[in-house]
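Protein sequences, first through last, are from chains C and L. Heads up: the first sequence runs through residues 1 to 494, numbered per my numbering. Heads up: the second sequence runs through residues 1 to 1171, numbered per my numbering. To start, the structure itself, in structure tokens.
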Amino acid sequence: MKILAQFMGVFNLDKCLGCNACTVACKNLWTNRDGTEYMYWNNVETRPGPGYPLEWEDQEKYRGGWILTRDGKLKLAIGGRIARLLELFHNPYLPTIDDYFEPFTFTYDNLISATQSDKQPVAEPISLVSGKKMEIRLGPNWNDDLAGGSEAILKDPNIKKLENKIKTDFENAFMMYLPRICNHCLNPACVAACPAGAMYKREEDGIVLNDQNKCRGWRFCVAACPYKKVYYNWVTGKAEKCILCYPRLETGQIPACFHECVGRIRYLGVVLYDADRVEWAASARDPKEIIDRHLEIIQNPFDENVIKNAKENGITDDFIEAAQRTPVYKMIKVWKIALPLHPEFRTLPMIWYIPPLSPLVENIRVKSDEEFFPIVDHMRIPIEYLANMFTAGDTEKIKEALKKLIGLRIYMRQKRLGKKIDERVIKETSLTEEDLEEMYKVLAIARLEDRFVIPTAHKEKALSIFEETLAPEYIQGNRGLEHTSRRDLRLRRK
Amino acid sequence: MTWQKFEKGGRDWEQFYRNRWQYDKVVRSTHGVNCTGSCSWMIYVKDGIIITEMQALDYPIINPEIPPYEPRGCPRGASFSWYEYSPHRIKYPYVRRALLELWREELQRIKDPVKAWENIVENPEKSMQYKKARGKGGFVRASWEEVYELISAALIYTIKKYGPDRIFGFTPIPAMSMVSYSAGTRFLSLIGGVVMSFYDWYADLPIASPQVWGEQTDVPESADWYNSTYIIDWGTNIPQTRTPDAHFYTEVRYRGTKIVAIAPDYAEYVKFADLWIHPKPGTDGALALAMAHVIAKEFHVDREVEYFKNYIKKYTDAPFLVILEEEDGRLVPGRYLRASDIASVDKGDWKLVVFDLNSNSFSIPNGSIGFRWSNDKKWNLELKDSITGKDIEPALTFLGIHDKVVSVSFPRFDEKGYIEREVPVKVIKTTKGKNVYITTVFDLLLANLGVKREGLKGYPENYDDEVPYTPAWQEKITGVPRELVIQVAREFAQNAEETKGKSLVLVGAGTNHWFHSDLIYRAIITILMLIGAIGVNGGGWAHYVGQEKVRPIEGWNTIAFARDWVPATRWQSTGLWVYMHTDQWRYDEVLMDKLAVGKTMYTHPADYVRLSVEKGWQPLYPQFNTNPLHVGNSVDEVINKLEKKDISFAVADIDNPINFPRILFVWRSNLLFSSGKGSEYFLKHLLGTENSVENRDEVAKNYVKNIRWRDPAPEGKLDLLIDLNFRMDSTALYSDIVLPAATWYEKYDISSTDMHTFVHPFTPAIDPPWEAKSDWKIFVNLAKKFSEMASKYFDRKVTDVVYVPLLHDTADEIAYPMLTDPEAQVLMEEKLTPGKNMGKIILVERDYSKVYEMMITLGPLVKEKKLMYFGIENNYSKEYEELKEFLGSLDDRPLIDEDKKVAEAILRLSGSTNGEVSVREYKYLEDKTGLDFRDLSEGIEEIKITFNDIIAQPRRVIDSPIESGIVKGNRTYSAFTFNVEYYVPWRTLSGRQHFYLDHILIREEGEQLPVYKPPLEIVKTTNTDGVLIARYLTPHGKWQIHSTFMDNLRMLTLFRGGPVIWINEDDAKSIGVKDNDWVEVFNENGIIVTRAVVSNRIPRGTVIMYHAQERTIYVKESKNGKMSGSHNAVTRVHIKPTWLIGGYAQFSFALNYYGPVGTQRDTIVSIRRLE
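In structure tokens form, the structure reads like this:
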């Protein structure tokens, strides 16, 4: 057993507004530079739909994530070291600009500077790649709100698996939103695939980063990530990805996309996990079992042995307390309402999702006393569809999660209207009344400090590293003053 | 695992992203955009550059049981910083070369700026030269000094030659930035210019609200949704358009609240619902009336729910008595029985009557509007007889105590005709000796709805009977299965019964932007009144379109309309102005036979406009066919001239050049294309430049009786269009002068909204870059130049004769009792009496050389007079002295030369931000009503919110009687709780909420009770191969707030990179259109060239073009060579005469309160693929 700490997030899709405030927050901070225009470290997809980049979940096309060899060993789907070396200069599984989009801007200046003519001036699109005029044919959220219709819907890899069982007419329309960032996986394929040793997972908080100095631009990380959350900066020639806003996180602030989530769907906290059993968890024979194993290695933060082991590994009390206080652990492990995105990719992602409820399907006539709220089997979003996304096809797990949400609503309605609480309802959720009460608070009225429990980074531990690696203030270099990091002189080692 | 790396050392590269995150400064501001958001944001500055914004998270907690407001915001707001340094930021003053060259030439030649302007505009060749160039590029930089001089010259020339009422200003929504709003309106008020409305013009005004409640709009803050236990979202796309508030909508579900979404398309708000109902677009009224039918039957007749019954008795007009009148051999619901019909009492025409079961006789209860304007402390909702003071028990129905049963005719409009239904009546003899049938509003309501009662004939037998307004009847119209309607109506009412009214309907543009929006809304409100949900936390109606709520309203109003200096401002309902001045009236084919089943006064709506304007119901400027500075020095003199017809109202000859609007300021707005319904008519008639109007059908010519017809219709009426803007939007592109305005991150201002109860500041993160200036500074500087120049051109003070309409919340609202019909038909009576049979004439003395001084100091009327808001008088001499101390003074008057000082003054002069003011307001209202509000006013005196307070943290407002809701005691604000809990009357004829309306024009159109009228069907194109004809809907978009953000690269990238129209995929297939293909969307009004989004989310036969997509970004020319218009190129304004009523209790004019609404949903378009 080796207990380590890691930040883990839960996104409640039942509340997601699909507004993309998260997307803009991230773009403003990190990816509005040359070469990053097409990068969406955070994006939101309307599903069913092909997603961004197009059909990213289709690993026949992209070969992302891990596969299990016949003898039960994990192997990167893009192949071993030799296979990858052979593809150094041509990787057929990398997404191309046609899977993303050609970034554009407009000739805005024309509106002001156009000379007088017989026509109204217009700002027309120009490519940010070529600088030439272009027609816009694709974007990072091209299929928002079911734009593109049946054609786009049928490109959804999770729909394809359902083999034409989905109706795409007006009456049977359904949609949900899927916000996505880097999953900061426990078993990150991108890290494993990097030939330059540039990618790493931070020991103290699990954030997966790509060292911009070491990166040689091989792009295996891009190919290996099954979520396509690593991007290649075509100006610097380095890969970049979501950094979970570590400069904010280290100072106790929440990542920008979490901060800016006006749907209040996001939760972030510390969990403790057993690093020794990551491989075991990821290599379950039956993909449906991976979730259970994943949950198993995420440890109870109140368990004394866990705490003891964690401390031995240098985890500080505030991280342990944070792990105890965060609702994330309860949502995934106690209430079991959150699920990982595509566990079958075997990377053990650390952003989990509460699946969404949806309106009653068309043409079902139910008596309101029997079905005041739609029952799980009568919801518009097909259970199988959600299962393809979150449980490797296990519909029971989806149903259980949705039943808990509906059960909570029935329970709270009875309570609010001063009616007798129906014990059967509570039983159906397999939760206690106390759990329901707490779940209600977490899902509905949680304040900022309840949703996010963020210990600050222990920089004091890194001070020795600073001493060794950073230049002192105001060094007179060849080109004048270089590097002015602010430090207190008392912290010098001598 | 060997490949899993935990690096301890060598991570110094991580500084890369840390450095990027670091910043130098952060300030609090917000977005001054009409989204109702009013979110508090922190703006980050690094190296003197605005780099980003993130939401403030420090909202005070209202109540621990309710989710907090953090983090308010949306992707649009989050992208604002992109505009700061965008390539189409307006950096300098610009003038179109065609005009600037003429100006420079003339000025050089004759050295007199006013004369120079005259030489340009009065020379048809020269003026058309620059008017025709509008919108076609050619902007050149000018200096501030040069544009101030040009504008001042134009103003002075126009004032001297035509009069100040030819100068107009359009700016919307003060709540989103009160100081910037006031900058221009204060200037216009001081010079006698005209301030135009917006809320009604946008069709956001739910005109049913003034009709039912005498209230512009009042709604719950979004946190109050959390108190609801059953929500029907009926046409407001909460996640998409109320993004910052949407979490209350999703979260309340976990509290056990059921959500039903009623939407024609699978809109975003449907995603969160338990049930989706999709009626055909525009048929919501039919659906609502069927629900009302079910509720009235099951909860009022089959079984009487005590709570519901008591509610409608106390708080609605249900027990009031109505006379049945004979019309062409039919009995129809007529006017209310008045006190003057049965007795002789003061203001008896304005007091209504009930039948009291306690005394078994008629009673004149407290609370009618007559009591509001007599000082006898009886303007309250206590169920007492106003004469004896005894408790009364009003009869809701005459059934059982009736003298007789008679058959009454109720109009229907699905098929034109009448339904005959029996109603119980009593017969009485009026003071005039006439025998009349009377019945109760409730009896009429049940009859209209078709709710059968024992012994009455003419009613449907059951829900399956296909007559108005049964569930089966609606099924034919809406397409919604009857069982669904019955189920939802039953659940909704049941929920209200169990919770005493916590059933909530969220309504918005989807139901309100229709021509018959008033009827749709009244039908929905009828449901809510029947179940006692209005004025209850967690219940009622919640209408969210337009940020109408200026919380610190008294202070804002004082400064914005210069009430500290002048007694009257010229206010204009924009819908009416546009209808007349862009000549859309000439093309209006919605004649009265389309609106009414019986005979009507006139055939064409424009004739009602003249009636209304001359009666002083609605304003239309210019007022007379002459300069108001030259009509006289006394009211008598003016009346004399009118009576002798020496002068006449401009409305009668609207296309005469003497009556043209001449100068238009636009700021904080994109008037021409965002809200400009019939935008191509603006281009044609107002601006005189290229347009795509194909309409040759000037219908009015054959029908209009009282407006002079001139051929051909004038083009290019406007001499000067000035736009203050921070970006080159479509209106800026078509303006003559564009001035660089500071953005929301560069100035001081205040924002508030109806969605929450906080007051937010704007503060500058940087000073305005380039040559930009705040709106306040621009108008102050203009005032300075104008005053300097005016002192040369005006040798003395002038007397401006201002004609104003009869105003709501003043004693003038009881001017026209309308007891006899013919009175309305007399257009110009021989003897005119202002305030009696016409509007009011107010003489305003103006010293144009002093405008600057007046602009920058708070005038003496604040301390010398009592100012009245919402009928509540107050004197502010104490605050006046405080402000002198606080802000500094000039000539012993508080100085408001800077935007921050204006903000401070607004806060100090308003009850909601100054407890002392509020306490005085409560006292005044106690005196007026005889009621006791001490538990609300106690302890608030000490609270004074200053501008620095709101910079530190969002502050919640204080209660004041100006507001109809209550926040004291950690309560969430909900409309009308003050009325319900404290028995304060609504500002209506009866003092109650109105099921019934009895004005003659309402009766003409058969709208006494809510009825169903189908959407207008104006189809002028034929269905040919490859052309789809579809209903054209323009809801609010996802990637924009109106036109703002629509051109923002962040937002453009997140969807399709420019304007699009949504089409059902089968419809698209039928005309060979694939996703992202270019299409032409057109009708007689204009043409749009845009790309198609093909989707299964949209129903067949309907297309959706999200509102206000700019014509500046990625649009093309159509095949006919015309540039694509905006979404409004295919719309047009139509007028319903009932919107023109005035001087009649709640039907009285106030800016943005009552007037023609610019609806646009009733449009039909043709679509074809652009080859």
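Note that beta-carbon positions come from the ideal geometry of N, C-alpha and C, so glycine has one too.
Residue 54 of chain L has a beta carbon lying within less than 9 Å of a beta carbon in chain C. Near chain C, meaning a CB-to-CB distance below 7 Å, the residues of the stretch 1115-1149 of chain L are 1115 and 1123.
Ranking L/1114, L/571 and L/1063 by CA distance to the CA of residue 1092 of chain L puts L/1063 first.
Interface criterion not met: the Cβ of residue 931 of chain L is under 9 Å from no Cβ in chain C.
The beta carbons of residue 214 of chain C and residue 229 of chain C sit about 19 Å from each other, so the pair does not count as a contact at 8 Å. The straight-line gap separating the alpha-carbon atoms of residue 915 of chain L and residue 235 of chain C is approximately 59 Å. Here the stretch 1061-1080 of chain L makes contact with the stretch 144-160 of chain C; the two share three or more CB pairs at distances below 8 Å. The Cβ neighbour count for residue 60 of chain C, taken over all protein chains shown within 10 Å, is under 16; the residue is labelled exposed. For residue 184 of chain C, the nearest beta carbon of chain L is not closer than 9 Å to its own beta carbon. One Cα belongs to residue 388 of chain L, the other to residue 395 of chain L, and the distance between them is close to 18 Å. Cα atoms of residue 85 of chain C and residue 220 of chain C: separation of roughly 10 Å, rounded to the nearest angstrom. Interface flag for residue 259 of chain C against chain L is set, since a Cβ pair is found closer than 9 Å.
Sequence-distant partners of residue 31 of chain C (beyond 5 residues in either direction) whose C-beta falls short of 7 Å from its own C-beta, in its chain, are 39 and 41. Contact annotation for residue 395 of chain L against chain C: no contact, minimum CB-CB distance about 33 Å [criterion: below 8 Å].
If you draw a straight line from the Cα of residue 109 of chain L to the Cα of residue 799 of chain L, it comes to about 33 Å. Checking the DSSP bridge columns, you'll see residue 543 of chain L partnered with L/507. A check of alpha carbon separations from residue 390 of chain C across C/411, C/346 and C/377 identifies C/346 as the nearest. Closer than 7 Å at the C-beta level to chain L, one finds these residues of the stretch 152-168 of chain C: 168. Counted as a single uninterrupted DSSP element, the beta strand (DSSP E) harbouring residue 210 of chain C occupies residues 208-210. Residue 858 of chain L has a beta carbon lying at 9 Å or more from every beta carbon in chain C.
For residue 1032 of chain L, the enclosing beta strand (DSSP E) has its first and last residue at 1028-1033. Shown here for residue 448 of chain L: same chain residues with a beta carbon closer than 6 Å to its own, the five before and five after excluded, namely 410 and 1009 in chain order.
Residues of chain C with a Cβ closer than 9 Å to the Cβ of residue 67 of chain L are, in chain order, 264, 444, 445, 446 and 447. For the stretch 102-130 of chain C, the beta-carbon criterion of a distance under 9 Å to any beta-carbon of chain L is satisfied by 103, 104, 105, 106, 107, 108, 109, 110, 111, 112, 113, 114, 115, 116, 117, 118, 119, 120, 121, 122, 123, 124 and 125. If you keep only unbroken beta strand (DSSP E) runs of at least 3 residues inside the stretch 1132-1168 of chain L, you get nothing at all. Put simply, the stretch 1116-1129 of chain L does not touch the stretch 290-309 of chain L. Fewer than three CB pairs are less than 8 Å apart. Taking a Cβ-Cβ cut-off of 8 Å, the neighbours of residue 144 of chain C in chain L comprise 1038, 1054 and 1055, given in sequence order. The residue from C/356, C/279 and C/269 with its alpha-carbon nearest to that of residue 328 of chain C is C/269. For residue 434 of chain C and residue 195 of chain L, the gap between their C-alpha atoms comes out near 59 Å. The stretch 1060-1138 of chain L is shown to contain whole alpha helix (DSSP H) runs of 4 or more residues at 1065-1070, in chain order.
Counting C-beta pairs closer than 8 Å gives fewer than three between the stretch 648-665 of chain L and the stretch 1043-1058 of chain L, which falls short of the contact rule. In terms of Cβ geometry, residue 203 of chain L and residue 1158 of chain L form a close pair [threshold 9 Å]. Counting C-beta atoms within 10 angstroms of its own C-beta, residue 364 of chain C has fewer than 16 neighbours from the protein chains shown and is therefore classed as exposed. Spanning the alpha carbons of residue 191 of chain C and residue 223 of chain C requires a straight line of approximately 11 Å.
Looking at the DSSP output, residue 4 of chain C sits in a beta bridge with C/273.
Note that the stretch 167-182 of chain C touches the stretch 8-24 of chain C; at least 3 beta-carbon pairs, one per stretch, sit closer than 8 Å.
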